[in-house]
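Protein chains: 2
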Amino acid sequence: MSSFSADPSHPRYQSLLSRHRLEQAAKQGMLADSALIAHGRGEAYDYLIGEKTSPNALEATKNALAHLMAGKNPVISLNGNTTALAGYELMKIAEYLQCPIEVNIFYRTEQRINALFGYLDEIKQEHDINVNILGKNPDTKIPGLKGPRAKCCDEGIYSSDVILVPLEDGDRCEALVAMGKTVIVVDLNPLSRSAKMASITIVDEISRVAKSMLNLIETNDLPVIEIEFNNNKNLQASVNIIAGNYRSV
Amino acid sequence: MSSFSADPSHPRYQSLLSRHRLEQAAKQGMLADSALIAHGRGEAYDYLIGEKTSPNALEATKNALAHLMAGKNPVISLNGNTTALAGYELMKIAEYLQCPIEVNIFYRTEQRINALFGYLDEIKQEHDINVNILGKNPDTKIPGLKGPRAKCCDEGIYSSDVILVPLEDGDRCEALVAMGKTVIVVDLNPLSRSAKMASITIVDEISRVAKSMLNLIETNDLPVIEIEFNNNKNLQASVNIIAGNYRSV
Numbered sequence: 033m034s035s036f037s038a039d040p041s042h043p044r045y046q047s048l049l050s051r052h053r054l055e056q057a058a059k060q061g062m063l064a065d066s067a068l069i070a071h072g073r074g075e076a077y078d079y080l081i082g083e084k085t086s087p088n089a090l091e092a093t094k095n096a097l098a099h100l101m102a103g104k105n106p107v108i109s110l111n112g113n114t115t116a117l118a119g120y121e122l123m124k125i126a127e128y129l130q131c132p133i134e135v136n137i138f139y140r141t142e143q144r145i146n147a148l149f150g151y152l153d154e155i156k157q158e159h160d161i162n163v164n165i166l167g168k169n170p171d172t173k174i175p176g177l178k179g180p181r182a183k184c185c186d187e188g189i190y191s192s193d194v195i196l197v198p199l200e201d202g203d204r205c206e207a208l209v210a211m212g213k214t215v216i217v218v219d220l221n222p223l224s225r226s227a228k229m230a231s232i233t234i235v236d237e238i239s240r241v242a243k244s245m246l247n248l249i250e251t252n253d254l255p256v257i258e259i260e261f262n263n264n265k266n267l268q269a270s271v272n273i274i275a276g277n278y279r280s281v
Numbered sequence: 033m034s035s036f037s038a039d040p041s042h043p044r045y046q047s048l049l050s051r052h053r054l055e056q057a058a059k060q061g062m063l064a065d066s067a068l069i070a071h072g073r074g075e076a077y078d079y080l081i082g083e084k085t086s087p088n089a090l091e092a093t094k095n096a097l098a099h100l101m102a103g104k105n106p107v108i109s110l111n112g113n114t115t116a117l118a119g120y121e122l123m124k125i126a127e128y129l130q131c132p133i134e135v136n137i138f139y140r141t142e143q144r145i146n147a148l149f150g151y152l153d154e155i156k157q158e159h160d161i162n163v164n165i166l167g168k169n170p171d172t173k174i175p176g177l178k179g180p181r182a183k184c185c186d187e188g189i190y191s192s193d194v195i196l197v198p199l200e201d202g203d204r205c206e207a208l209v210a211m212g213k214t215v216i217v218v219d220l221n222p223l224s225r226s227a228k229m230a231s232i233t234i235v236d237e238i239s240r241v242a243k244s245m246l247n248l249i250e251t252n253d254l255p256v257i258e259i260e261f262n263n264n265k266n267l268q269a270s271v272n273i274i275a276g277n278y279r280s281v
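Residue numbers (the numbering used here), protein chains in the order written: chain L, 33 to 281; chain X, 33 to 281.
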């Protein structure tokens, strides 16, 4: 990654660092045309929730990790933005879970796939991470989706029972839920269709979520499944935070 | 502009068209790295205000046009995103006002300036618009700003009494206000520093604003200055719309 010179004491340092990472990823051909715009939407929502992890988001993160740990065939799906923002942490989490990563992008081109694999392989080797990265040669399809975005790997997304798909679009989220999977999404907009469709929605910024999950693992602070978890209540709590921030103007 | 194939009956057609225009502008070298991210933030806020012009935004638009009409030396400042989204309409408005356009960008490079002038000149010739476009050779500076973003033209921004600067950043907005100008900004986030600093803030999407202003002119529905206009009340009305949309979830 190229140098990034912002002052770490800047109150919006993390947000600026994420923005820089996305701009670099765009230059490296890792992203679709619309990826930077999508990141901007995320920035706006993150600003509205205060650019920090809410209590309900932390609870959802813990519950998500517990489900991933309890899964028979968990998988972590990476798109371009997720790779750029949290590729290292999510590969480390996959290594701990002994589950595969699947690079799975909406606008699939060979050039983008190669750029993403190049980026991940470099981090993997540098940090000696033992993880299987799928997605170069998808061999099956997600039922109910059309075109290149239906493609996935049988030993990855297709056969998974629990799937972490950060920053997923609504159609795919719905199709994965229809397959009977426990679908965990990370989405800063608590009112998006993905947020409403998912089994567990973490309304938080993906690099904070990934760091937080990895920290739970590394400190051996391992969560258990929360039987009473209610995703609608979880979403409502995030909606309340945003509405509250506007009321207090 | 390249072809854009979305169905005009799609409920989010305008938003998709704007996104397409920005992606094209990026490919043509008109935009800074961060421009698409900024557009995404705008998309998120526009979604929150319902992707339509609110009554208070229309009132602010009318008052803004009245001030531009009454100005001795009005000017319209264009950055990359504004040029891509509303270059035609804003040049037509400037022609009516007999005021100059000034291309004035935050991250100034010769390559970007040339791309923006090329784009505007093409529209200007195609539609036979009689307007003076400044900004290629800035000859003075906005007091209180540092670096390339301080540069401006004496016969444009510097000497203006009323300035329309859509999508302006907080620092520049503050510096222009400090020069004693009537500063009109267009900003979808009613809580941004620009929104709070400006004399008149139009909390609306720039292409809707520009179309609306041009329509007022073309139908000869010309507004007068609203003496009682209170920008804080105007901002509060937009904040209430966003908070209301969250409360009604």
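Heads up, the beta-carbon is just placed ideally off N, CA and C, and yes, glycines get one too. Note that the structure is a prediction, hence the values are computed from the model and not measured.
| query | result |
| --- | --- |
| Under 8 Å from the C-beta of E142/L: neighbouring residues of chain X | Chain X residues near E142/L: none, gap ~20 Å exceeds 8 Å. |
| Extent of the continuous beta strand (DSSP E) to which I238/L belongs | Not the beta strand (DSSP E): I238/L falls in the alpha helix (DSSP H), residues I238 to E250. |
| Three-state secondary structure (DSSP) of L267/L | helix |
| Same chain, Cβ closer than 8 Å to I238/L, neighbours up to 5 away in sequence not counted | N113, T114, L117, A118, P198, L199 and V218 |
| Per-residue DSSP class, three states only, for V163/X | coil |
| C-beta neighbour in chain X for A57/L, strict 8 Å | no |
| Where G167/X falls, given that 16 or more other Cβ within 10 Å makes a residue buried | buried |
| For V235/L, the three-state DSSP class (helix, strand or coil) | coil |
| Secondary structure of E134/X, DSSP reduced to three states | strand |
| Residues of the region 180-192 of chain L with Cβ closer than 7 Å to any Cβ of chain X, in chain order | none |
| DSSP-derived helix/strand/coil call for S47/L | helix |
| Within chain L, the residues that H71/X reaches when beta carbons sit closer than 7 Å | I69 and G72 |
| Chain L within 8 Å of M33/X, Cβ atoms only | Residue placement at M33/X is poorly supported in this model, since its pLDDT is 44, which falls under 50; the coordinates still yield a value, given next. No - not a single Cβ of chain L is within 8 Å of the one on M33/X. |
| As assigned by DSSP and simplified to three states, the class of P87/X | helix |
| C-beta atoms of N105/L and D186/L nearer than 8 Å | no |
| Whether I133/L touches L110/L by CB criterion (8 Å) | yes |
| Contact under 8 Å by Cβ, Y139/L with A64/L | yes |
| Cβ neighbour criterion (16 or more within 10 Å) applied to E75/L | buried |
| Cutoff 8 Å: R288/X Cβ touching any chain L Cβ | Nothing can be reported for residue 288/X, as the shown portion of chain X is limited to 33 through 281. |
| Partner residues on chain X for Y77/L, Cβ-Cβ distance less than 7 Å | A76 |
| Through-space distance from N146/X to Q157/X, alpha-carbon basis | 16 Å |
| N- and C-terminal bounds of the beta strand (DSSP E) containing L196/X | V194 to L196 |
| Identity of the residues DSSP links to P106/L by a beta bridge | V194/L |
| Burial state of F58/L, where buried means 16 or more other Cβ atoms lie within 10 Å | For clarity, residue 58/L is Ala in the given sequence; the question names Phe instead. Buried: at least 16 other Cβ atoms inside 10 Å. |
| Where R51/X falls, given that 16 or more other Cβ within 10 Å makes a residue buried | buried |
| C-alpha distance - Y190/X paired with K178/X, whole-angstrom precision | 15 Å |
| Extent of the continuous alpha helix (DSSP H) to which I145/X belongs | E142 to E158 |
| Spatial neighbours of E258/X in its chain, beta-carbon cut-off 6 Å, leaving aside the 5 residues before and after | N95 |
| Distance, V107/X Cα to Y128/X Cα | 12 Å |
| Where M33/L falls, given that 16 or more other Cβ within 10 Å makes a residue buried | Per-residue confidence for M33/L stands at a pLDDT of 44, beneath the threshold of 50, marking its modelled position as unreliable; no derived number is given. |
| For N252/X and V135/L, the rounded distance between their alpha carbons | 56 Å |
| Rounded Cβ spacing between I26/X and I274/X (contact assumed at less than 8 Å) | This structure cannot settle anything about residue 26/X, because the visible part of chain X is limited to 33 through 281. |
| Same chain only: Cβ atoms within 8 Å of E83/L, ignoring 5 sequence neighbours per side | R44, Q46, S47 and E237 |
| From R240/L, S224/L and M229/L, residue whose alpha carbon lies closest to that of M211/L | M229/L |
| Cutoff 8 Å: S66/L Cβ touching any chain X Cβ | yes |
| The beta strand (DSSP E) enclosing I125/X, as first and last residue numbers | Not the beta strand (DSSP E): I125/X falls in the alpha helix (DSSP H), residues G112 to L129. |
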